[in-house]
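K.L.:
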Amino acid sequence: MAAKTFPIEAGHIMMFARSVGDPNPVYYDAEAAKKTEAGGVIAPPTFVQSSAQFDPDYFLRPKIGQPWFGSGKNPTGITRAPGGGGGGGGGGLHAEQHYEYHRPLKAGDVLTATTFPGKTWEKEGKRSGKLVFSESVTEYRDQNGELVVTARGVGVRTERPVEQPAPPATGKKEEA
Amino acid sequence: MALSASKLKVGDVHSARLVEDLKRTQIVQYAGASGDYNPLHTDEIFTTKVAGYPSVFAHGMLTMGMTGRMLTDLVGDARLTKYGVRFTSQVWPGDTLDGTATVTEVADGIARFDVSTKNQDGVEVLSGYAEARVDP
Chain A
384 MAAKTFPIEA
394 GHIMMFARSV
404 GDPNPVYYDA
414 EAAKKTEAGG
424 VIAPPTFVQS
434 SAQFDPDYFL
444 RPKIGQPWFG
454 SGKNPTGITR
464 APGGGGGGGG
474 GGLHAEQHYE
484 YHRPLKAGDV
494 LTATTFPGKT
504 WEKEGKRSGK
514 LVFSESVTEY
524 RDQNGELVVT
534 ARGVGVRTER
544 PVEQPAPPAT
554 GKKEEA
Chain B
199 MALSASKLKV
209 GDVHSARLVE
219 DLKRTQIVQY
229 AGASGDYNPL
239 HTDEIFTTKV
249 AGYPSVFAHG
259 MLTMGMTGRM
269 LTDLVGDARL
279 TKYGVRFTSQ
289 VWPGDTLDGT
299 ATVTEVADGI
309 ARFDVSTKNQ
319 DGVEVLSGYA
329 EARVDP
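Protein chains in written order, with the working numbering: chain A, 384 to 559; chain B, 199 to 334.
(1) What residue from A:Gly-453, A:Val-545, A:Thr-388 and A:Asp-412 has the CA that sits closest to Met-397 of chain A's CA?
(2) Let's see if you can read the secondary structure: which residues bound the beta strand (DSSP E) around Ala-490 of chain A?
(3) Determine which residues of the region 219-237 of chain B have a Cβ less than 8 Å from any Cβ of chain A, and write them out in chain order.
(4) Could you tell me which of A:Ala-496, A:Gly-501, A:Arg-510 and A:Val-515 sits nearest to Thr-388 of chain A, measuring between CA atoms?
(5) Note down the Cα distance separating Gly-258 of chain B from Val-226 of chain B, rounded to an integer number of angstroms.
(6) So Ser-517 of chain A is in the beta strand (DSSP E); what residue range does that whole segment cover?
(7) Is DSSP giving Glu-327 of chain A helix, strand or coil here?
(8) Let's see if you can read the secondary structure: which residues bound the alpha helix (DSSP H) around Gly-258 of chain B?
(9) How close, in whole Å, do the beta carbons of Glu-542 of chain A and Lys-513 of chain A come, if the pair is a contact with beta carbons under 8 Å?
(10) Along the region 271-284 of chain B, what residues have a CB closer than 9 Å to any CB found in chain A?
(11) Alpha carbon to alpha carbon, how far is Thr-240 of chain B from Phe-255 of chain B?
(12) Which residue from B:Met-262, B:Thr-245, B:Val-321 and B:Tyr-327 puts its Cα closest to that of Thr-302 of chain B?
(13) Check the C-beta distance from Glu-329 of chain B over to Ala-309 of chain B and give it rounded, since I have them as a contact under 8 Å.
(14) Of all Cβ atoms in chain A, is any one closer than 8 Å to the Cβ of Arg-267 of chain B?
(15) Within 10 angstroms of its Cβ, does Ser-204 of chain B collect 16 or more other Cβ (buried), or is it exposed?
(16) Tell me whether the region 415-425 of chain A and the region 518-525 of chain A touch, counting them as touching only if at least three CB pairs, one residue from each stretch, are closer than 8 Å.
(17) Using the Cα positions of Trp-451 of chain A and Asp-333 of chain B, report the straight-line distance between them to the nearest angstrom.
(18) Which residues, taken in chain order from the region 416-441 of chain A, show a beta carbon closer than 9 Å to some beta carbon of chain B?
(19) Do the CB positions of Leu-269 of chain B and Tyr-251 of chain B come within less than 8 Å of each other?
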């Protein structure tokens with residue numbers, strides 16, 4: 384993946400914090416945040432995941448004028464899902480995510496992300512057939528070239544959808 | 199408010215309710231904020247008819263984000279140095295999640311934690327670790 388620019392914007396941090404149910408003012412209130420140890424609005428620990436917004440080629444975002452594998456008139460907009468899309472049989476799922484924080488990520492920072500491929504390995508899964516794991520490491524550097532966050536993600540592709548355990552006798556989760 | 203090493207003991211457990219009756223709309227909110235629009239998380243028709251799952255399910259990263267709130271509420275703002283997880287089971291709309299952080303080590307100004315999040319049936323959905331800078 385090519386290096387890309389990821390501006391850390393206060394409004395984006397606020398929306399992200401809301402979406403994970405975190406009401407901490409350090410994520411949206413500049414005045415309150417100034418009085419904290421952080422010294423200003425910072426980003427929550429998993430925020431760099433939203434760098435996807437700034438990746439022009441991110442494959443899990445519909446692109447203007449291009450087919451999309453989600454439903455519209457039909458249950459899917461294309462006959463074969465792209466890689467990782469979870470079409471037909473199985474698909475790509477997120478297996479692991481690891482972060483190292485070298486310093487707090489602040490509103491106003493401008494990061495550059497560089498992704499390196501990592502290991503790949505296979506495993507036989509009981510509930511989903513053959514599992515193929517692949518790792519990638521992304522370094523997020525700031526406007527001065529300093530490392531801010533190192534992220535290591537592991538994705539897994541499954542042969543078929545993960546089988547669901549039988550629902551418990553009580554506490555039914557899903558309506559038919 | 200940061201933690202103090204002198205007040206932490208190995209084995210101390212902190213727990214918090216992360217979400218009660220997770221709504222599909224919150225999953226949509228997370229898709230919009232994070233930019234991960236995989237229809238498996240928001241498109242019931244695609245997910246049931248094409249992908250073969252019983253319903254849409256939460257992004258693993260939403261569970262990691264909600265669990266992250268428990269951690270930053272515990273260790274204080276801007277104190278985390280490491281946080282990593284494995285997603286061990288899927289999280290579905292309607293789930294209620296509880297997280298725990300258990301102190302495993304306190305040394306050299308760093309506290310280490312085992313992190314676990316379970317659903318209402320006691321099934322672990324996320325398992326991991328965190329490290330944070332603590333005061334003396």
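For each residue, glycine too, the CB sits at the ideal point set by N, CA and C.
P.N.:
Per the coordinate set shown:
(1) For the purposes of this step, residue 397 of chain A is taken as residue 14 along the first sequence, with counting starting at 1. Per the Cα distances, A:Asp-412.
(2) The residue given as residue 490 of chain A occupies position 107 in the first sequence. Neither: Ala-490 of chain A is in no beta strand (DSSP E) and is coded neither H nor E.
(3) Taken in chain order, the members of the region 219-237 of chain B whose beta-carbon sits within less than 8 Å of a beta-carbon on chain A are Gln-224, Gln-227, Tyr-228, Gly-230, Ala-231, Ser-232, Gly-233, Asp-234, Tyr-235, Asn-236 and Pro-237.
(4) Numbered from its first residue, the first sequence carries residue 388 of chain A at position 5. Looking at A:Ala-496, A:Gly-501, A:Arg-510 and A:Val-515, the one whose alpha-carbon comes closest to that of Thr-388 of chain A is A:Ala-496.
(5) Indexing the second sequence from 1 puts residue 258 of chain B at position 60. Indexing the second sequence from 1 puts residue 226 of chain B at position 28. When only Cα atoms are considered, Gly-258 of chain B and Val-226 of chain B end up about 13 Å apart.
(6) Sequence index remark: in the first sequence, residue 517 of chain A carries index 134 (1-based). Start and end: 512-524.
(7) For residue 327 of chain A there is no data in the structure shown, the boundaries of chain A being 384 and 559.
(8) On the second sequence, residue 258 of chain B is found 60 positions in, with the first residue counted as 1. Note, Gly-258 of chain B: alpha helix (DSSP H), 258-273.
(9) Your numbering for residue 542 of chain A matches position 159 in the first sequence. Your numbering for residue 513 of chain A matches position 130 in the first sequence. Yes, they are in contact, since the Cβ atoms of Glu-542 of chain A and Lys-513 of chain A sit about 5 Å apart, within 8 Å.
(10) Going along the region 271-284 of chain B in chain order, one finds Asp-271, Gly-274, Asp-275, Ala-276, Arg-277, Leu-278, Thr-279, Lys-280, Tyr-281, Gly-282, Val-283 and Arg-284 with a Cβ nearer than 9 Å to chain A.
(11) As a working note, residue 240 of chain B is residue 42 in the second sequence. As a working note, residue 255 of chain B is residue 57 in the second sequence. Rounded to the nearest angstrom, the gap between the Cα atoms of Thr-240 of chain B and Phe-255 of chain B is 8 Å.
(12) What you label residue 302 of chain B is simply residue 104 of the second sequence in a count that begins at 1. For Thr-302 of chain B, the closest C-alpha among the options B:Met-262, B:Thr-245, B:Val-321 and B:Tyr-327 is that of B:Tyr-327.
(13) As a working note, residue 329 of chain B is residue 131 in the second sequence. As a working note, residue 309 of chain B is residue 111 in the second sequence. Beta-carbon to beta-carbon, Glu-329 of chain B and Ala-309 of chain B are separated by about 7 Å, close enough to satisfy the 8 Å threshold.
(14) Stepping through the second sequence from its first residue, residue 267 of chain B is reached at position 69. When Cβ-Cβ separations below 8 Å define contact, Arg-267 of chain B makes contact with chain A.
(15) Sequence index remark: in the second sequence, residue 204 of chain B carries index 6 (1-based). It is exposed - the Cβ of Ser-204 of chain B has fewer than 16 other Cβ atoms within 10 Å.
(16) No: the two stretches stay apart, fewer than three of their Cβ pairs being nearer than 8 Å.
(17) In the first sequence, the residue the question calls residue 451 of chain A occupies position 68. In the second sequence, the residue the question calls residue 333 of chain B occupies position 135. The C-alpha of Asp-333 of chain B is placed about 50 Å away from the C-alpha of Trp-451 of chain A.
(18) Ala-416, Thr-419, Glu-420, Ala-421, Gly-422, Ile-425, Pro-427, Pro-428, Thr-429, Phe-430, Gln-432, Ser-433, Ser-434, Ala-435, Gln-436, Phe-437, Asp-438 and Tyr-441: these are the residues of the region 416-441 of chain A whose beta carbon lies less than 9 Å from some beta carbon of chain B, given in chain order.
(19) As a working note, residue 269 of chain B is residue 71 in the second sequence. As a working note, residue 251 of chain B is residue 53 in the second sequence. Leu-269 of chain B places its beta carbon 8 Å or farther from that of Tyr-251 of chain B.
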